[in-house]
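Chemist: Please find one structure pasted underneath; my questions will follow.
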Amino acid sequence: MKISRRQLGVGIGGAALTALAARSFAEIPTGSKNEVAGYGNLIRDPNALLDLPEGFSYKVISRLGNVMDDGYVVPNAADGMGCIDLGDGKVALVRNHELRPSQIREGALREQPKAGFKSYDTHKERGYPLPGGTTTLIYDTKTHTLEREWLSLNGTIRNCSGGITPWGSWLSCEETTEKAGGDGNKDHGYVFEVPIEEGKMADPVPLKDMGRFNHEAVCVDPRTGIVYLTEDSNDSLFYRFIPNVKGELAKGGKLQALAFNKVGIIDTRRWDSDTIHMIRGEEYSVKWIDLDDVENLNDDLRIRGHKAGAAIFARGEGVIWDEDQLYFVSTSGGKAKYGQIFRYTPNPLDDGNDKAVPSGTLSLFLESNDPAFYNYGDNLCVMPNGHLMVCEDQYTAIVDNHLRGVNKDGKTYLFGRSQVQTEFAGACFSPDGQIMFVNLYAPTYTFAITGPWESVRA
Numbered sequence: 013m014k015i016s017r018r019q020l021g022v023g024i025g026g027a028a029l030t031a032l033a034a035r036s037f038a039e040i041p042t043g044s045k046n047e048v049a050g051y052g053n054l055i056r057d058p059n060a061l062l063d064l065p066e067g068f069s070y071k072v073i074s075r076l077g078n079v080m081d082d083g084y085v086v087p088n089a090a091d092g093m094g095c096i097d098l099g100d101g102k103v104a105l106v107r108n109h110e111l112r113p114s115q116i117r118e119g120a121l122r123e124q125p126k127a128g129f130k131s132y133d134t135h136k137e138r139g140y141p142l143p144g145g146t147t148t149l150i151y152d153t154k155t156h157t158l159e160r161e162w163l164s165l166n167g168t169i170r171n172c173s174g175g176i177t178p179w180g181s182w183l184s185c186e187e188t189t190e191k192a193g194g195d196g197n198k199d200h201g202y203v204f205e206v207p208i209e210e211g212k213m214a215d216p217v218p219l220k221d222m223g224r225f226n227h228e229a230v231c232v233d234p235r236t237g238i239v240y241l242t243e244d245s246n247d248s249l250f251y252r253f254i255p256n257v258k259g260e261l262a263k264g265g266k267l268q269a270l271a272f273n274k275v276g277i278i279d280t281r282r283w284d285s286d287t288i289h290m291i292r293g294e295e296y297s298v299k300w301i302d303l304d305d306v307e308n309l310n311d312d313l314r315i316r317g318h319k320a321g322a323a324i325f326a327r328g329e330g331v332i333w334d335e336d337q338l339y340f341v342s343t344s345g346g347k348a349k350y351g352q353i354f355r356y357t358p359n360p361l362d363d364g365n366d367k368a369v370p371s372g373t374l375s376l377f378l379e380s381n382d383p384a385f386y387n388y389g390d391n392l393c394v395m396p397n398g399h400l401m402v403c404e405d406q407y408t409a410i411v412d413n414h415l416r417g418v419n420k421d422g423k424t425y426l427f428g429r430s431q432v433q434t435e436f437a438g439a440c441f442s443p444d445g446q447i448m449f450v451n452l453y454a455p456t457y458t459f460a461i462t463g464p465w466e467s468v469r470a
């Protein structure tokens, strides 16, 4: 039998790229619980990958080690991902790979790169391109087939998450502040834009005006072009970037950090009983503080922001735009440190250039006091029904990570469970709302999930 390049390294029953998960009749014993019914109980996957509610099935569309159309292989550490509409039922999935300089064997290269290869940085001592970056997949949602897959950004470090833009590109974020002279030859800690040019690698140009820090994720207000950014640190800021030219981020702009107008509220983490805390569900007016020297190599941007009055968050991670508001995750925030979700509603008249225009409001949408209901949220997306889908990323000896739905009242329900000891990442939906794409982090798997999305009871 002739074996195609896409079949190399599959090894799950010999047909992982085409096999749908069959349902067994055993329900999942789990310590996790539903606050509302959601889609019902999870059913154990006999393929030992992904447990889903009855009626849902998955297809593995990509996995670690598969040979891509450019001859390189699918890298490990699949993290944030975005879905971009290409029209006629086709979408582009841009997938981050959160690889460190030492993880060359988990990257896309198994030999010397081909002519025309573009890499932001190379290893200082060994000379190979740094393995972090992105891969891009073209998927036909009508035929449910993967049409093309290639390496689209390379030479970066720990590309954690990012976000899609209204003009059809992906912003990939480095979660590092490594300086030149460490493992690499250049400074890191930036955002890179990845356009959809079929089969082509992006020019690896850091968007330095968007700051140098432990970037996590971004989202863009389609009305104003303002970019909102999260930072993965125990004392992080929540940022926004005002571009000089809407939709042309490489032309620079102004970086700001969120602060409260109400005197006394500065720390949202709720770790310290002596500070004034937000009350869940209450709206708080906010303002934005201008930041300077945003490329500073001392990794002190957030510290200087704190001193200027910017609010403190516990490990800002996923952020997603939803109609006229956005949601972002604080992974270890809250009194019990199981995580929070904040909702920011910007004033649509605030383009960031007039201090007299009110900015918007921030509210605490969810705070978990019980890991059975919600535990260490990370990436998130908006579901077709308006609920949130959150990827959990627990740090426990036995990893039991879930896909967790959150309804419009901030109540949670289980949607998926990984049987692989790793995190979920990169959840996003096709434009018609019929397919959810999601990754398992390591080893890399990318799934296309279909089912009765309209049947939620929450």
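Residue numbers (the working numbering): 13 to 470. C-beta atoms are modelled at their ideal positions from N, C-alpha and C, and glycine is treated no differently. Keep in mind the model is a prediction, meaning the values are calculated, not measured.
Identify every residue that forms a DSSP beta bridge with arginine 355.
Modeler: Counting from 1 along the sequence shown, the entry for residue 355 is found at position 343. DSSP output for arginine 355 lists Tyr339 and Ser375 as bridge partner(s).
Chemist: Taking the DSSP output, what are the residues bridged to glutamine 268?
Modeler: Locating residue 268 in the sequence shown gives position 256, where the first residue counts as 1. Answer is Arg252 and Asp302, bridged to glutamine 268.
Chemist: If you compare alpha carbons, which of Cys95, Lys274, Glu66 and Arg170 is closest to serine 375?
Modeler: The count along the sequence shown starts at 1 and reaches residue 375 at position 363. Nearest of Cys95, Lys274, Glu66 and Arg170 to serine 375, Cα basis: Lys274.
Chemist: Would you give the residue range spanned by the alpha helix (DSSP H) that isoleucine 116 belongs to?
Modeler: Within the sequence shown, the letter at position 104 stands for residue 116. Taken as a continuous stretch (DSSP letters only), isoleucine 116 belongs to no alpha helix (DSSP H), as it is neither H nor E.
Chemist: Which same chain residues, not among the five before or five after leucine 426, have their C-beta less than 7 Å away from its C-beta?
Modeler: Reading the sequence shown from its first residue, position 414 is the one you call residue 426. Closer than 7 Å at the Cβ level, and outside the excluded window around leucine 426, lie Ser44, Asn46, Gly50, Leu54, His414 and Arg416.
Chemist: By the 10 Å Cβ neighbour count, where 16 or more other Cβ atoms means buried, how is isoleucine 176 classified, buried or exposed?
Modeler: For the purposes of this step, residue 176 is identified with residue 164 of the sequence shown, where counting begins at 1. Buried, by the Cβ-count rule.
Chemist: Following the continuous alpha helix (DSSP H) through histidine 318, name the residue where it begins and the one where it ends.
Modeler: Taking the sequence shown and counting its residues from 1, the one referred to as residue 318 is at position 306. Looking at the DSSP string, the run of the alpha helix (DSSP H) that includes histidine 318 is 313-319.
Chemist: Exposed or buried, threonine 153, counting other C-beta atoms within 10 Å across all chains shown (16 or more means buried)?
Modeler: Numbered from 1 along the sequence shown, position 141 holds the residue referred to as residue 153. Answer is buried; the Cβ neighbour count reaches 16.
Chemist: Under the assumption that alanine 192 contacts leucine 270 (Cβ atoms under 8 Å), give the Cβ distance between them as a whole number of angstroms.
Modeler: By 1-based counting over the sequence shown, the position of residue 192 is 180. By 1-based counting over the sequence shown, the position of residue 270 is 258. Between leucine 270 and alanine 192 the Cβ distance is about 30 Å, and since that is not below 8 Å, they are no contact.
Chemist: Secondary structure at lysine 126, three-state DSSP: helix, strand or coil?
Modeler: Your numbering for residue 126 matches position 114 in the sequence shown. Correct three-state label for lysine 126: coil.
Chemist: Can you give me the Cβ contacts of threonine 188 inside the same chain, cut-off strictly under 6 Å, excluding the 5 residues immediately before and after it?
Modeler: Within the sequence shown, residue 188 is the residue found at index 176, counting from 1. Excluding residues within five positions, the ones whose Cβ falls inside 6 Å are Ile169, Arg170, His200 and Gly201.
Chemist: Using alpha carbons as the reference points, say which of Val206, Pro113 and Gln268 lies closest to proline 216.
Modeler: The residue you call residue 216 lines up with position 204 of the sequence shown. Here the closest residue by C-alpha is Val206.
Chemist: With the cut-off set at 8 Å, would you say glycine 264 and aspartate 221 are in Cβ contact?
Modeler: Taking the sequence shown and counting its residues from 1, one reaches residue 264 at position 252. Taking the sequence shown and counting its residues from 1, one reaches residue 221 at position 209. The answer is yes: Cβ separation under 8 Å.
Chemist: At what residue ranges does the stretch 127-165 contain a whole run of the beta strand (DSSP E), taking only runs of 3 or more?
Modeler: DSSP runs (the beta strand (DSSP E)) wholly in the stretch 127-165: 144-152.
Chemist: What did DSSP end up calling alanine 323 once you bin it into helix, strand or coil?
Modeler: Numbered from 1 along the sequence shown, position 311 holds the residue referred to as residue 323. DSSP places alanine 323 in coil when its eight states are reduced to three.
Chemist: Starting from aspartate 473 and walking both ways along the beta strand (DSSP E), at which residues does that stretch end?
Modeler: Residue 473 is absent from the structure shown; the chain starts at 13 and stops at 470.
Chemist: Using the Cβ count rule (16 or more neighbours within 10 Å means buried), how would you classify tyrosine 453?
Modeler: As a position in the sequence shown, residue 453 is number 441, starting the count at 1. Buried, since its Cβ has 16 or more Cβ neighbours within 10 Å.
Chemist: Give the DSSP bridge partners of alanine 437, in chain order.
Modeler: By 1-based counting over the sequence shown, the position of residue 437 is 425. Beta-bridge pairing links alanine 437 to Asn451.
Chemist: Return the residue from the list Tyr132, Gln352 and Pro370 that minimises the CA-CA distance to proline 358.
Modeler: Residue numbering aside, residue 358 sits at position 346 when the sequence shown is read from its first letter. Residue Pro370 is the option with its Cα nearest to proline 358.
Chemist: Per DSSP, what kind of secondary structure is methionine 213 in: helix, strand or coil?
Modeler: Taking the first residue of the sequence shown as 1, we reach residue 213 at position 201. Of the three classes helix, strand and coil, the one that applies to methionine 213 here is coil, per DSSP.
Chemist: Rounded to the nearest angstrom, what separates leucine 261 and proline 255 at their Cα positions?
Modeler: Residue numbering aside, residue 261 sits at position 249 when the sequence shown is read from its first letter. Residue numbering aside, residue 255 sits at position 243 when the sequence shown is read from its first letter. Their backbone Cα atoms lie some 6 Å apart in a straight line.
Chemist: Can you look up serine 467 in the DSSP assignment and give me helix, strand or coil?
Modeler: Indexing the sequence shown from 1 puts residue 467 at position 455. Serine 467 falls in the helix class under three-state DSSP.
Chemist: Whose C-beta lies closer than 7 Å to the C-beta of glutamine 3 among residues of the same chain, with five residues either side of it excluded?
Modeler: Nothing can be reported for residue 3, as the shown portion of the chain is limited to 13 through 470.
Chemist: Among residues of its own chain, excluding the 5 on either side of serine 297, which ones have a beta-carbon nearer than 6 Å to its beta-carbon?
Modeler: Here residue 297 corresponds to residue number 285 of the sequence shown, with the count starting at 1. Asn273 and Thr373, listed in sequence order.
Chemist: Please list, in chain order, all residues of the same chain as serine 131 whose beta carbon is under 8 Å from its beta carbon, the five residues on each side excluded.
Modeler: Counted from its first residue, the sequence shown places residue 131 at position 119. Result list for serine 131: Pro125, Pro141, Leu142, Asn166, Gly167 and Pro216, in chain order.
Chemist: Should the stretch 343-356 be regarded as contacting the stretch 307-320, the criterion being three or more beta carbon pairs within less than 8 Å?
Modeler: Contact between the stretch 343-356 and the stretch 307-320 is absent, because fewer than three Cβ pairs lie under 8 Å.
Chemist: Run through DSSP, which three-state label would methionine 80 get?
Modeler: Along the sequence shown, one-based indexing puts residue 80 at 68. Note: methionine 80 maps to coil in three-state DSSP.
Chemist: What do you get for glutamate 329, buried or exposed, if any count of 16 or more other CB atoms within 10 angstroms of its CB means buried?
Modeler: Taking the sequence shown and counting its residues from 1, one reaches residue 329 at position 317. When all chains shown are included, glutamate 329 counts as buried.
Chemist: Give the secondary structure of leucine 361 by DSSP, where H, G and I count as helix, E and B as strand, and everything else as coil.
Modeler: Here residue 361 corresponds to residue number 349 of the sequence shown, with the count starting at 1. Leucine 361 falls in the coil class under three-state DSSP.
Chemist: What residue from Arg160, Glu118, Pro234 and Tyr240 has the CA that sits closest to glycine 174's CA?
Modeler: Along the sequence shown, read from residue 1 onward, the residue named residue 174 stands at position 162. That would be Tyr240, whose Cα lies nearest to the Cα of glycine 174.
Chemist: Using 10 angstroms around the beta-carbon of alanine 460, count the other beta-carbons present and answer buried if the total reaches 16, otherwise exposed.
Modeler: Position 448 of the sequence shown, counting from 1, holds the residue named residue 460. Alanine 460 is buried by the Cβ-count criterion.
Chemist: If you draw a straight line from the C-alpha of leucine 267 to the C-alpha of serine 342, how long is it?
Modeler: Reading the sequence shown from its first residue, position 255 is the one you call residue 267. Reading the sequence shown from its first residue, position 330 is the one you call residue 342. Near 20 Å, if we compare the C-alpha coordinates of serine 342 and leucine 267.
Chemist: Give the straight-line distance between the Cα atoms of phenylalanine 204 and valine 106, rounded to the nearest whole angstrom.
Modeler: The residue given as residue 204 occupies position 192 in the sequence shown. The residue given as residue 106 occupies position 94 in the sequence shown. Distance between the alpha carbons of phenylalanine 204 and valine 106: 12 Å.
Chemist: Quick check on lysine 220: does DSSP put it in helix, strand or coil?
Modeler: Position 208 of the sequence shown, counting from 1, holds the residue named residue 220. The answer is helix: DSSP assigns lysine 220 an H, G or I state.
Chemist: With DSSP as the reference, please indicate the residues paired to cysteine 12 in a beta bridge.
Modeler: Absent from the model: residue 12. The displayed extent of the chain is 13 to 470, so no value can be given.
Chemist: Can you list, in chain order, the residues of its chain whose CB lies under 8 Å from that of alanine 60, leaving out five sequence neighbours each side?
Modeler: Counting from one through the sequence shown, the residue named residue 60 turns up at place 48. Cβ within range, chain order: Gln431 and Val432.
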